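Structure first, commentary second.
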Amino acid sequence: MPTAHSNDLGTLVRRVDEDRWLASRFAPAPVRERLIALYAVNYEIARLSETVREAPLGDIRLEWWRSALSE
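The sequence shown begins at 169 in the numbering used here and counts up by one.
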């Protein structure tokens with residue numbers, strides 16, 4: 169059953185990458201939430217270069233994502 173958080177992620181993915189959001193509609197229901205979460209993480213990591221002005225700050229954010237995903 170979708171949670172409020174997964175609905176927020178679905179809204180984000182639909183807004184920033186509608187093609188992937190549409191593709192996720194064809195995924196089996198048990199994996200759909202995880203797929204949307206993966207697409208949302210992909211978006212956040214891909215936009216790092218657009219959101220930081222200095223490379224070391226981007227490295228810090230990327231390391232944070234590595235750590236968060238490994239937990």
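All C-beta atoms, glycine included, are put in the ideal place defined by N, C-alpha and C. Small disclaimer: the values here were computed from a predicted structure and weren't measured.
Given residue i, which residues of its chain have a CB within under 7 Å of its CB, disregarding the five upstream and five downstream residues?
i	result
isoleucine 204	Ser174, Leu177, Gly178, Val181 and Ser192
How is the alpha helix (DSSP H) around residue i delimited, first residue to last?
i	result
proline 224	223-238
valine 199	197-214
arginine 188	186-192
Determine the contact status of residue i and residue j, defining contact as a CB-CB distance below 8 Å.
i	j	result
arginine 221	tyrosine 207	no
leucine 237	glycine 226	no
Less than 8 Å between C-beta atoms, sequence neighbours within five positions excluded: which residues of the same chain meet that for residue i?
i	result
serine 235	none
isoleucine 213	Leu230 and Trp233
What residues in its chain sit with their C-beta under 6 Å from that of residue i, if we drop five residues either side in the sequence?
i	result
phenylalanine 194	none
arginine 229	Leu216
valine 184	Tyr211
Which residue's Cα is closest to the Cα of residue i: the options?
i	options	result
alanine 172	Pro224, Glu239, Thr219 and Glu201	Glu201
glutamate 186	Pro196, Tyr211, Glu218 and Ala223	Tyr211
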